[in-house]
Amino acid sequence: PQTVYLKDYTPPEYLIDQIELHFELDEQRTRVQARMNVRRNPHSSADSVALKLWGEELQLLSIAIDGRPLQENEFVVGDEALIVHEAPQDRPFEILIENLIDPQANTALEGLYLSSSMLCTQCEAQGFRKITWFLDRPDVMSRFKTTLVADKAKYPVLLSNGNKTGSGELENNRHWVSWEDPFAKPCYLFALVAGQLACVADQFVTMSGRRIDLQIFVEQHNVDKCGHAIQSLKNAMRWDEQTYGLEYDLDLYMIVAVDHFNMGAMENKGLNVFNTKFVLARPDTATDSDYEHIEGVIGHEYFHNWSGNRVTCRDWFQLSLKEGFTVFRDQQFSGDMTSPAVKRIEDVNALRTRQFAEDAGPLAHPVRPEAYIEINNFYTLTVYEKGAEVVRMLHTLLGAAGFRMGCDLYFQRHDGQAVTCEDFVKALEDANGVELGQFRRWYSQAGTPVVTVEQDYDAANGRLQLTLRQSCPPTPNQPVKQPLHIPVKLGLLNADGSPATFEFAGQPHTEVTLDLTAAEQSFNFGNLAGKPVVSLLRGFSAPVTLQMPRSLDELAFLLSHDSDTFNRWEAGQQLATQAIFQLIDSIELGRPLQLEPIVVDAYRRVLADAGGDLSYQALLLALPEESYLSGQMPVIDVEAVHQAREFVKKTLAENLAEQFLELYRQYHRDESGCFDAGAVGRRRLKNACLSYLCKLETPDSHRLAEQQFRAARNMTDQISALAAIVNSRHPDQDDCLDSFYRQWQQEALVIDKWFTLQATSSMPNTFAKVQNLMRHPAFDMKTPNRVRALVGAFSQSNPLHFHAANGEGYRFLADRVIELNALNPQIASRMVSGLAQWRRYDANRQSLMKQELQRIVATDHLSKDVYEIASKSLA
Ligand code: B3K
Ligand code: ZN
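The opening position of the sequence shown corresponds to residue 6 in the UniProt record's numbering, with each subsequent residue numbered one higher.
Take a look at the structure:
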């Protein structure tokens with residue numbers, strides 16, 4: 006397979022200003038007619054006269070230029086493209102192409118495909134070429150007119166981008182609808198949907214008083230699950246006006262929810278296509294975190310209308326231009342809708358457990374990658390989440406007002422253009438009159454920097470000197486790293502826990518952001534009454550690993566007193582992490598296990614402090630996840646990590662049983678499950694307590710969980726109780742699982758949860774259960790949500806059983822990858838990630854994992870997607 010390089014970018018040789026599409030829709034024989042206005046690009050210096058249009062899996066019916074059908078010797082059709090040997094050079098011309106496609110055979114879910122009984126499209130990144138031959142690249146922007154013709158009974162609703170311009174009846178029970186999108190766009194933003202869909206409608210009045218129709222299309226049985234999505238959309242529209250001054254630009258905003266979707270959702274202009282998982286919610290079917298994810302994804306796709314659609318990417322290497330920025334925007338939005346502190350902790354937690362692992366492994370790449378084989382493999386945690394951190398650092402460095410000025414200039418300067426990450430940084434610089442030269446390295450350099458700290462306190466003069474050192478480990482193709490511009494937010498605490506006022510650069514401060522730009526740099530803080538406790542990297546001001554040795558006492562002190570909500574939580578995480586690592590040492594040395602009393606005391610104080618935000622309190626109680634802990638070990642010992650963490654949890658439960666039970670009782674109500682901050686917080690905290698209590702494995706705790714499970718009137722309570730049951734030695738486990746299945750068998754998204762709970766259980770016998778579940782009638786390899794719920798959950802969220810020392814988990818995963826490769830390469834390649842980290846394990850596991858990767862690479866007809874991930878993992 007071929008590698009594509011950023012350094013080879015050249016402007017398109019031709020442009021297509023307008024395209025008129027005509028679809029005769031049919032499940033197996035959809036006929037596409039594309040009429041395109043083409044001209045030479047004045048900015049291209051290439052001199053070939055050939056015109057190459059990308060196209061895959063298409064059957065050509067006819068091709069004509071300016072009304073003249075082409076002779077066979079005038080063009081050639083290959084697997085990837087159609088080449089017209091001599092296109093007119095001196096004038097604009099029209100190409101008319103007719104071709105056939107088979108949506109039903111399309112299990113890759115890219116291009117036009119059938120999902121349940123509806124037809125829908127997914128074009129990003131390069132799916133449009135599976136619809137018709139085209140200049141399928143984001144810097145070719147065209148105005149689209151689309152006419153859809155279909156059977157009226159099967160496909161009463163016919164949608165595409167923009168505004169509806171006409172409709173009518175045809176013979177043979179067929180009908181047509183036409184659409185026109187007034188905004189030029191790259192073809193990856195094209196969409197069509199056809200089906201029997203019910204519509205939930207609402208309206209939004211924009212800041213300039215325009216009335217926008219909002220429509221969510223779902224299958225009839227889901228119309229009662231759209232309220233939250235509509236509300237989230239309205240909130241997002243208002244928020245973007247208030248925060249960025251950005252207003253929606255069409256008169257209609259449509260969202261369609263489909264069952265079969267490779268990822269979360271897609272921001273097609275005026276016609277978002279969503280995975281049902283990120284639209285449908287009713288309190289009895291969706292958990293509080295489902296509600297949060299829906300709000301986040303609805304916001305994300307909406308925000309793309311400006312950061313992505315009005316201003317798009319020049320080429321796919323610039324993906325983070327729209328994704329990193331839009332993730333940052335959706336994070337800000339979600340924080341503003343709920344609690345900024347809780348949202349920040351959740352985001353950092355996910356970044357550190359998952360993106361840091363990617364950045365430290367064989368698939369590490371810069372936020373702006375330099376090469377790819379299959380672009381779909383680069384919709385990564387690095388491009389999205391680290392990309393968002395890079396934008397957040399710009400926000401921190403420029404301040405909210407400066408960042409806003411920069412964004413205003415960016416949108417103004419580049420509206421209607423396809424641009425680069427460089428253009429974004431340049432706009433921020435120009436608007437603020439600053440220079441961000443070194444900062445740009447965040448886009449080109451991969452790997453997570455490590456920052457170490459040395460403290461030197463001069464008691465006689467009340468001065469503290471901090472010396473910070475940064476380094477970054479080598480990553481594939483980048484053996485040597487340059488220092489980055491790292492914003493480090495800092496505060497100091499007095500001995501009594503109060504915030505210290507200190508002198509920095511001649512001014513009094515209570516908090517500063519240090520600009521760490523050199524490999525080693527010292528900073529001085531004066532006017533101190535006594536030795537302060539340093540609170541560093543507040544709010545996680547940069548995506549780095551901070552190495553700062555601290556005593557358990559100091560961590561407990563910060564957990565009680567730090568005024569920065571992130572660092573307060575972080576102190577608790579480090580406290581637990583240190584305790585768990587001590588236990589891991591004991592396990593490996595065969596010594597008896599004992600938890601430091603200071604840890605128990607710290608958690609006792611967290612339990613007692615019910616004053617504030619209950620969601621935040623629940624986060625303070627949550628122990629670091631196994632995967633986060635594993636990420637810090639030189640050689641991962643899955644069993645010891647699990648055993649040590651369980652021991653801490655159980656010991657805390659035993660020592661603080663009364664407090665846990667009291668809090669549980671205080672916040673346990675019979676609730677129908679409305680999604681408001683108060684109720685969400687109560688449920689979070691109460692369910693955190695329940696999960697501790699169940700570690701006691703007493704009849705009382707089992708009864709508590711079962712009672713909650715049976716009586717629950719909302720999914721958060723029901724699934725939390727079931728999770729506690731499934732992860733304990735509860736005697737009625739199977740019965741509870743069966744009754745849950747019977748209750749929810751009509752609700753696909755709830756059944757996904759049922760699969761995931763079993764796949765992620767830490768109880769013995771889990772692997773056998775997973776194998777049985779593969780044969781369950783409700784399992785389906787062609788439904789990505791189901792595959793992720795079972796195969797994905799087992800291989801990515803059940804380290805204990807997936808990494809079984811006999812290699813059964815690895816063999817199982819490789820078999821699934823090989824099966825999926827033939828059906829859906831994008832999903833197959835996502836599943837390979839379970840094996841990518843093989844170098845982090847012991848020799849036995851390394852060789853077993855490697856063997857499976859080699860078996861995958863040796864498979865016949867391997868897709869580019871899987872080949873790239875598996876071969877790079879081995880390299
Ligand atoms: N832009 C899409 C992702 C497309 C993925 C293609 N493999 C969704 C999003 O990030 O908003
Ligand atoms: Zn996105």
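For every residue, glycine included, the Cβ atom is placed at its ideal position computed from N, Cα and C. Computed from a prediction, not measured in an experiment: that's the story for all the values here.
- At a Cβ-Cβ threshold of 8 Å, residue 99 and residue 40 count as neighbours.
- Assignment of residue 577 by DSSP, reduced to helix, strand and coil, places it in the helix class.
- Taken in chain order, the segment 410 to 461 contains no complete beta strand (DSSP E) segment of 3 residues or longer.
- Distances taken from the Cβ of residue 300 to the heavy atoms of the ligand ZN include none shorter than 7 Å.
- Bounds of the beta strand (DSSP E) holding residue 67 are 64 to 70.
- In the DSSP assignment, residue 259 falls within the beta strand (DSSP E) that extends over 257 to 263.
- The segment 495 to 512 makes contact with the segment 526 to 535; the number of CB pairs closer than 8 Å reaches 3 or more.
- For the pair residue 167 and residue 255, the CB atoms are nearer than the 8 Å cut-off.
- Residue 848: not part of any beta strand (DSSP E); member of the alpha helix (DSSP H) spanning 848 to 862, first to last residue.
- Inclusion of residue 309 in the 7 Å shell around the ligand ZN follows from its C-beta lying nearer than that to a non-hydrogen atom of the ligand.
- Linking residue 833 to residue 221 through their CA atoms gives a straight-line distance of about 30 Å.
- Per DSSP, the unbroken alpha helix (DSSP H) holding residue 749 starts and ends at 738 to 749.
- In the three-state scheme derived from DSSP, where H, G and I count as helix and E and B as strand, residue 189 is classed as strand.
- With 16 or more other Cβ atoms inside 10 Å of its own Cβ, residue 143 counts as buried.
- When C-beta atoms of the segment 389 to 405 are compared with those of the segment 301 to 318, fewer than three pairs fall below 8 Å, so the two segments do not count as touching.
- Leaving aside the five residues that flank residue 587 on each side, the residues in its chain whose CB is nearer than 8 Å to its CB run, in chain order, 601.
- Shown here for residue 360: same chain residues with a beta carbon closer than 7 Å to its own, the five before and five after excluded, namely 386, 387, 390, 391 in chain order.
- Closest in C-alpha terms to residue 795, from the list 853, 718, 765, comes 765.
- In the DSSP assignment, residue 786 falls outside any beta strand (DSSP E) and carries neither an H nor an E.
- Around the C-beta of residue 282, 16 or more other C-beta atoms lie within 10 Å, and the residue is accordingly described as buried.
- Taking residue 60 as reference, the option from 274, 357, 133, 449 with the minimal CA-CA separation is 133.
- The C-alpha of residue 775 is placed about 21 Å away from the C-alpha of residue 748.
- Around the beta-carbon of residue 12, fewer than 16 other beta-carbon atoms lie within 10 Å, marking it exposed.
- In the pairwise beta carbon analysis, the segment 62 to 70 is classified as touching the segment 123 to 138: at least three pairs are separated by under 8 Å.
- Relative to the ligand B3K, residue 836 has its C-beta separated by 7 Å or more from all heavy atoms.
- Taking all protein chains in view, the Cβ of residue 556 is surrounded by fewer than 16 other Cβ atoms within 10 Å, so the residue is classified as exposed.
- In the three-state reduction of the DSSP assignment, residue 233 falls in the helix class.
- Counting only residues of its own chain and dropping the five nearest sequence neighbours on each side, residue 842 has a CB closer than 7 Å to the CB of 362, 366.
- Taking a C-beta distance under 8 Å as the contact criterion, residue 320 and residue 669 do not qualify as a contact pair.
- Beta-bridge pairing by DSSP links residue 541 to 495.
- Under the rule that a run must span 4 or more residues, the alpha helix (DSSP H) segments found entirely inside the segment 292 to 374 read 293 to 308, 324 to 342, 345 to 355, 361 to 365.
- Around the beta carbon of residue 186, a 10 Å sphere encloses 16 or more other beta carbons of the protein chains shown; the residue is thus reported as buried.
- With a cut-off of 8 Å on Cβ pairs, the segment 452 to 460 is in contact with the segment 470 to 479, counting three or more such pairs.
- By the CB criterion at 8 Å, residue 612 and residue 661 fall inside the cutoff.
- The beta-bridge partner set that DSSP reports for residue 200 consists of 162.
- Counting only the Cα atoms, residue 305 lies some 10 Å from residue 339.
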